[in-house]
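Structure record follows, encoded as structure tokens.
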Amino acid sequence: MLSGRAGGDKGTWDCFKIEVNIQTIKYNKEIIIVYLDNLILYIIIQNIQNKENIMKRLRNLFIALIAVLSIISISTPANAAGYYYKYNGYSGNNYQFVKSKAFINAVKKGKVTVNGKKVVNKVPMESVDKSSETIMTYSFENKKIKSKYIQRKYDSVFFLNDHLKTYAIIMPVKKGKITKQQFIKMYGKNYAEVQVIDNEVSVYYKFKNHYFEGAFNKKNQLIAVSMSSHIGGQFGKEFEQMIFGK
């Protein structure tokens with residue numbers, strides 16, 4: 119057995135256990151299996167008879183492995199004391215990070231960075247006066263709208279206020295993997311359920327430093343998560359009273 123640590127200068131895969139059968143190649147009675155298990159890359163060689171070709175086959179497997187890993191998002195585990203979490207890359211082909219204890223803890227502490235951006239803790243309502251129309255257009259009419267108040271990186275979307283401060287982050291999630299019931303079990307029962315868009319239901323939480331939302335389709339499958347800044351002033355109090363009843 120040969121082994122090596124998976125990762126790179128941009129970070130390591132999240133701290134939840136990954137167990138993926140990447141590829142199996144059969145040559146008569148020869149089988150080579152490559153899989154990831156808890157950040158360790160293992161190569162298992164079984165029944166190898168023609169050993170002189172092993173390096174060539176391993177090279178081909180690593181090429182395939184690199185191709186697969188190129189679409190896997192890279193994330194940094196949260197610090198045990200500070201619950202700080204960094205996510206880099208695409209999230210629409212991923213769902214495991216939502217279940218990660220590191221991500222859950224960091225979300226509850228309001229210390230999540232997505233593709234280099236983090237929402238500010240609080241925004242006054244007047245700071246989104248100019249940008250709100252653009253955000254409404256994006257939400258209900260045109261997801262492809264271009265504006266200085268909307269930024270995109272990979273498949274994440276960032277909403278900026280009038281001062282170009284990030285106050286909301288949307289991350290798509292691979293659907294069909296997490297149900298609403300599972301989501302609530304992970305993030306807690308102190309939530310509000312809101313329907314704003316047809317065929318979608320949102321589960322809202324008020325956590326330290328930000329609101330957190332899980333969006334679900336009509337089959338109650340998670341399709342996206344988002345973080346947004348607390349709203350300051352009287353409007354913020356009225357908003358929380360309306361949504362959370364307190």
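In this note's numbering, each number is its position in the sequence shown, counted from 1, plus 118.
Ideal Cβ placement from N, Cα and C applies to all residues, glycine included.
Could you tell me the distance, in whole angstroms, from the CA atom of residue i to the CA atom of residue j?
i, j, result
"Ile-222", "Tyr-305", "7 angstroms"
"Tyr-267", "Val-246", "10 angstroms"
"Phe-258", "Val-275", "15 angstroms"
"Lys-292", "Gln-214", "9 angstroms"
"Lys-326", "Asn-239", "8 angstroms"
"Lys-217", "Ser-346", "20 angstroms"
"Lys-235", "Lys-303", "27 angstroms"
"Gly-351", "Tyr-285", "16 angstroms"
"Ala-220", "Phe-330", "15 angstroms"
How should residue i be labelled, buried or exposed, when 16 other C-beta atoms within 10 angstroms of its C-beta is the threshold for buried?
i, result
"His-281", "exposed"
"Met-360", "exposed"
"Asn-308", "exposed"
"Val-237", "buried"
"Asn-260", "exposed"
"Asn-212", "buried"
"Val-241", "buried"
Give me whichever residues DSSP pairs with residue i in a beta bridge.
i, result
"Ser-274", "Lys-271"
"Ile-288", "Val-275, Ser-344"
"Thr-297", "Gln-339"
"Ser-265", "Ile-268"
Sorted by chain position, which residues of the same chain lie with C-beta nearer than 7 angstroms to residue i's C-beta, five sequence neighbours on each side aside?
i, result
"Phe-301", "Val-321, Gly-332, Leu-340"
"Tyr-256", "Ile-263, Ile-268"
"Ala-224", "Ala-196, Tyr-201, Tyr-202, Tyr-203, Val-230"
"Asp-273", "Tyr-208, Ser-209, Gly-210, Pro-290"
"Lys-248", "Asp-280"
"Ile-288", "Ser-274, Val-275, Ala-342, Ser-344"
"Ser-265", "Thr-252"
Suppose the cutoff is 8 angstroms on Cβ atoms and the five residues either side in sequence are ignored; what does the same chain contact list for residue i look like?
i, result
"Phe-362", "Ala-310, Tyr-322, Lys-324"
"Arg-270", "Phe-276"
"Met-243", "Ile-349, Gly-350, Gly-351, Phe-353, Gly-354"
Leaving out five residues on either side along the sequence, give the residues of the same chain with a beta carbon under 6 angstroms from the beta carbon of residue i.
i, result
"Lys-298", "Phe-334, Asn-338"
"Gly-354", "none"
"Ile-253", "Phe-277"
Does the CB of residue i have a neighbour CB from chain C at under 9 angstroms?
i, result
"Ser-245", "Given the protein chain composition of this structure (a single chain), no chain C is represented."
Q: Output the residue ranges of the alpha helix (DSSP H) runs that lie fully inside the segment 202 to 231 and measure 4 residues or longer, sorted by chain position.
A: 214 to 217, 219 to 227
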